[in-house]
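These notes concern the structure reproduced below.
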Amino acid sequence: MRTDNGSFPPDFLWGAATASYQIEGAAHEDGRGESVWDRFAATPGKVRNGDSGEIACDFYHRYRDDVALMRELRLDAFRFSIAWPRILPEGRGRVSQAGLDFYDRLVDELLAHAIEPFATLFHWDTPQALEDAGGWPARATAEAFVEYAEAVASRLGDRVRHWITHNEPWVCAWIGHAWGHHAPGRTSEADAVAAAHHLLLSHGWAAEAIRRAAPGARVGITLNLAHSYPATKSPEDEAAAWRVDGEGNRWFLDPIFRGAYPADLLERNEIVAGFVRDGDLAAIAAPLDFLGVNNYFRFVVSAGADGPQMVRDPEAEQTDMGWEVYPDGLHRLLVRVAEEYAPPVIYVTENGAAFGDVRTHDGRVHDPERTAYLESHIGAVLRAVADGAPIGGYFVWSLLDNFEWAHGYAKRFGIVYVDYPTLERVPKDSFYWYRDFIASRRGAPRPSPIATA
Ligand code: IFM
């Protein structure tokens, strides 16, 4: 896909992304089971301010109003995730029809507004029952995931065309299993390596199950990727940057696109060998219809005495997460992934920024930093398109302010502000910018807003 006129292809999708635990709330409704994030958030000291996803944005009850906001934006696509414990409250066996009904209603509402659903099956809310039985470090969890994928695809596959098996398996594996900052809060490198392998394996198996249940489905996986720059041209810094690239990017890209773990990560290869069985790598490398890329920042790496070290430029602009604003990193990343791995299509399934937004005396939320961030990063995507990267769409993270994991509600990523005490939605200035930007891409006059409650 090459655009010589420097514009996005006509079928490019403009979207917004969210995830179940971060927005839905209704944690005890309609038979939803416990997830590892319910348990983690209820554990003192794990989440800032003791916050949890129990109510979140109450999307479970307010999804119609939120779809109306999407319609006001004239989104082409909405990326959401399905809460596994709503569908299989005990992790295996009994499928909850009430849980499926919610996503059924959501999908119908989206389609009624001409918004294409992009469904993610796993955005980290593992049923606690599966964690109790060994969690992702155990191979049985990959088998359970296939049961879940089959149940969801059989019910929604007549209307949902785009399926994302996993969101950011690196984060789930390492932040959740090696660093302990995310659920389930484990602190073992071996658990992280095993979890990553089983996440990848379950992706390959589920891709097949989804295609069986929903012929015509387009299946992909979303990886969190960041371009890794050496701090200097020294061979030591170059090697350190390559290692960081291997640990975060190639550990997932290589098995998915090449059917092999990167050989240079010796210690990890030794650990993973204990978990890989015949046929696993072929299953992981099942052909993809698209790759989802989530990107927020780049890495700048130098060689330290104890291994690679991240270098931070104190002068560089940063978001409220302390992440450097560096749009060229997204351009480099997309072009590199396209050239080296040749996915048929790439969707930027998340990109956005947290800032300390406040509602001002005029009742509005002025967030020029977010608008600038989105504008510069969408510009980086456009340059990647012009350089030949097959990019099919861009999803802003996030539609709504939401539960930002261990940060609780302290970090606001939304283009819509959520007043948590009342749950009122207040579109930020960046919302109106995105709406006008989307309209300008289509050359269409700005749509009149649909009334929102
Ligand atoms: O909020 C998260 C999301 O769940 C996964 N990708 C990164 C976002 C911002 O940290």
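Residues in the sequence shown are numbered consecutively from 10, following my numbering. All residues carry an ideal CB built from backbone N, CA and C; glycine is no exception.
The alpha helix (DSSP H) runs lying completely inside the stretch 147–203 and spanning 4 residues or more are 148–165, given in chain order.
DSSP, reduced to helix, strand and coil, places Asn303 within a strand of the structure shown. According to the DSSP secondary-structure assignment, Val281 is paired through a beta bridge with no residue. Distance from the CA atom of Gly225 to the CA atom of Arg170, rounded to whole angstroms, is 7 Å.
In the pairwise beta carbon analysis, the stretch 127–141 is classified as touching the stretch 36–50: at least three pairs are separated by under 8 Å. Counting only runs of 3 or more residues that sit fully inside the stretch 102–146, the beta strand (DSSP E) segments are 125–131, in chain order. As the crow flies, the alpha-carbon of Phe412 is around 10 Å from that of Phe422.
In the structure shown, the three-state DSSP call for Ser237 is strand. At a threshold of 7 Å, Glu413 counts as near the ligand IFM, since its beta carbon sits closer than that to one of the ligand's heavy atoms. By the C-beta density criterion, Ser90 is buried, having at least 16 other C-beta atoms within 10 angstroms. Relative to the ligand IFM, His206 has its C-beta separated by 7 Å or more from all heavy atoms. For the pair of segments examined, the stretch 207–221 was found to touch the stretch 279–295: the number of CB pairs separated by less than 8 Å reaches three.
Taking Ala162 as the centre and dropping the five residues before and after it, the same chain places the C-beta of Ile219, Ala222 and Ala223 closer than 6 Å to its C-beta, in chain order. Annotation for Thr380: the continuous alpha helix (DSSP H) segment containing it runs Pro377 to Ala395.
Scanning its chain for C-beta atoms nearer than 7 Å, with the 5 sequence neighbours on each side dropped, one finds around Pro271 the residues Gly255, Arg259, Trp260 and Asp263, in chain order.
Three or more Cβ pairs drawn from the stretch 109–118 and the stretch 64–79 lie within less than 8 Å of each other, which places the two stretches in contact.
Nearest neighbour of Tyr350 by Cα position, chosen from Ala250, Gly372, Ile447 and Phe299, turns out to be Phe299. Residue environment analysis places Leu275 among the exposed positions, since fewer than 16 neighbouring C-beta atoms fall within 10 angstroms of its C-beta.
Taking C-alpha positions only, Ser16 is separated from Gly452 by approximately 12 Å. A residue is called buried when at least 16 other Cβ atoms come within 10 angstroms of its Cβ; Ser439 meets this threshold and is buried. By the Cβ test, the stretch 394–413 is in contact with the stretch 19–29, since at least three Cβ pairs between them sit closer than 8 Å.
When C-alpha distances from Phe111 are compared across Cys66, Ala147, Arg95 and Ala205, the shortest belongs to Arg95. Per DSSP, the beta-bridge partners of Trp23 are Tyr403. By the CB criterion at 8 Å, Ala240 and Val334 fall outside the cutoff. A straight-line Cα-Cα distance of about 45 Å links Val394 and Asp141. Sorting Arg88, His122 and Gly313 by C-alpha distance to the C-alpha of Thr358 places Arg88 at the top. Following the DSSP letters along the chain, one finds Pro436 inside the beta strand (DSSP E) bounded by residues Glu433 to Pro436. Assignment of Ala325 by DSSP, reduced to helix, strand and coil, places it in the coil class. If you compare the alpha carbons of Pro317, Leu408 and Ala203 with that of Ala250, the shortest gap goes to Pro317. Take the alpha-carbon of Val228 and the one of Leu383: they are about 27 Å apart. Counting the other Cβ atoms within 10 Å of the Cβ of Val374 gives 16 or more, which makes it buried. In the structure shown, Asn58 adopts helical secondary structure according to DSSP, grouped into three states. Rounded to whole angstroms, the separation of the alpha carbons of Arg368 and Pro430 is 13 Å. For Ala235, same chain residues with a beta-carbon under 8 Å away, outside a window of 5 residues either side, are Gly257, Asn258, Asn304, Tyr305, Phe306, Arg307, Phe308, Gly338 and Leu342 in chain order. Spanning the alpha carbons of Thr328 and Ala203 requires a straight line of approximately 33 Å.
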